[in-house]
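Only one structure is covered here, and it is reproduced in the block below.
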Amino acid sequence: MSTTARAPHFVRSFERGLAVIRSFDAEHPARTLSDVARACGLTRAAARRLLLTLADLGYVHSDGRLFRLTPRVLELGYAYLAGLTLPQVAEPHLEHLVAQVRESSSLCVLDGDDIVYVARVPTTRIMSAVITVGTRFPAHVTSVGRVMLADLADDELELRLNRAELRALTARTLVGPEELRAELARVRRQGYALVDQELEEGLRSVGAPVRGRDGTVVAAVNIAVHAGRTSVAAVRRDLLPPLLAAVARIEADLRITDPTGGAAARATGPVTGPGRASSPGTGTRRSSSSPRPPAPAD
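If you want it as structure tokens, here you go:
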């Protein structure tokens, strides 16, 4: 549990209740009272009161020893997804893209220093982590994160790079601020990002930004592949063109379904979900209405 000084309005008990919910994940679908107390940094008595309150509200079920979340917790995230037209617009295009390239594809938004998956069409599992809607990863090590970071105004980007925990997840991860600035400048120029085994060994990903009617980036789409069977050259030659075409179709539909210019597709606050903790909002973006660059010849 964080010991950071909080504003006078901050309700610590509410924070603790959310921490209890977040302590359950794919690796820990069921926990004992002691497990929850330990994971949240709470006393057993405090953890018990919170779990019993969540049980009374229908969010937790217990068999007398183990506690599990109930499907009702989906209500907590559905309000965000229900007001976000982008996943519904994008999903058929992701399905078409996956059928075309036979690789997994996802739609993500930027939430603080993380990217969050809001739609996904998987094929063969190629990562050790289980990825579902709500999964989050550090933005700077993902292709979707880099195309969204590259769209930020310079002062906002500097703020994020200065505060972000630039941790090396593999031997290939870019962690130097100057290296990242140079890479993001390149992404900004070329209109897509290709990340080679920086998030996980053996994983390559190419991502492209999705722009709203006002030209700002509201999300990003990726294709993820196993490095052992798809070279970097093949990603650029075979996967980037259909990815850019799918994104163009999503943007065309957004112009019809979202007359607000992308506002309905943008997050209005932190997005919670499995994995990393929630961070501050999405920040200031660089305005751009320039056409998407053609896929490079290989």
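Residue numbers for the sequence shown follow our numbering, beginning at 496 and rising by one. Ideal Cβ placement from N, Cα and C applies to all residues, glycine included.
Use the C-beta contact count for residue i: other C-beta atoms within 10 angstroms, 16 or more gives buried, fewer gives exposed.
i	result
Ile751	exposed
Gly553	exposed
Ala500	exposed
Ala677	exposed
Phe509	exposed
Gly637	First, the residue type needs correcting, since residue 637 is Thr and not Gly in the sequence shown. Answer is buried; the Cβ neighbour count reaches 16.
Gly702	buried
Ser529	exposed
May I have the straight-line CA-CA distance separating residue i from residue j, to the nearest angstrom?
i	j	result
Arg641	Leu679	6 Å
Asp609	Gly629	11 Å
His556	Arg684	51 Å
Leu873	Leu581	Nothing about residue 873 can be read from this structure; the chain reaches only from 496 to 793.
Arg708	Glu522	40 Å
Phe562	Ala534	14 Å
Arg631	Val727	24 Å
Asp733	Ala540	57 Å
Asn717	Arg724	17 Å
Residues in the same chain with beta-carbon distance under 7 Å from residue i, minus the five sequence neighbours each way, listed in chain order, please.
i	result
Val593	Ser599, Ser600, Val616, Thr618
Ala772	Confidence at Ala772 is low in this model, with a pLDDT of 34, below 50, so its placement is unreliable and no value can be given for it.
Ala538	Looking at the sequence provided, one finds Thr at residue 538 rather than Ala. Within the same chain, Thr538 has close Cβ partners Ala532.
Which residues in the same chain have their Cβ closer than 6 Å to the Cβ of residue i, if we skip the five residues on either side of it in sequence?
i	result
Val720	Glu598, Arg699
Arg667	Gln692, Glu693
Ala663	Val670
Arg544	none
Ala502	none
Arg744	His588
Starting from residue i and walking both ways along the beta strand (DSSP E), at which residues does that stretch end?
i	result
Gly512	No beta strand (DSSP E) contains Gly512, which is instead part of the alpha helix (DSSP H) from 507-517.
Ala614	609-616
If we define contact as Cβ-Cβ less than 8 Å, is residue i a contact residue for chain B?
i	result
Leu528	This model lacks chain B altogether; it includes just one protein chain.
Report all residues from its chain with a CB closer than 8 Å to the CB of residue i; omit the five preceding and five following residues, and keep chain order.
i	result
Arg560	Thr527
Pull up the DSSP beta-bridge partners for residue i, would you.
i	result
Ala550	DSSP output for Ala550 lists no bridge partner at all.
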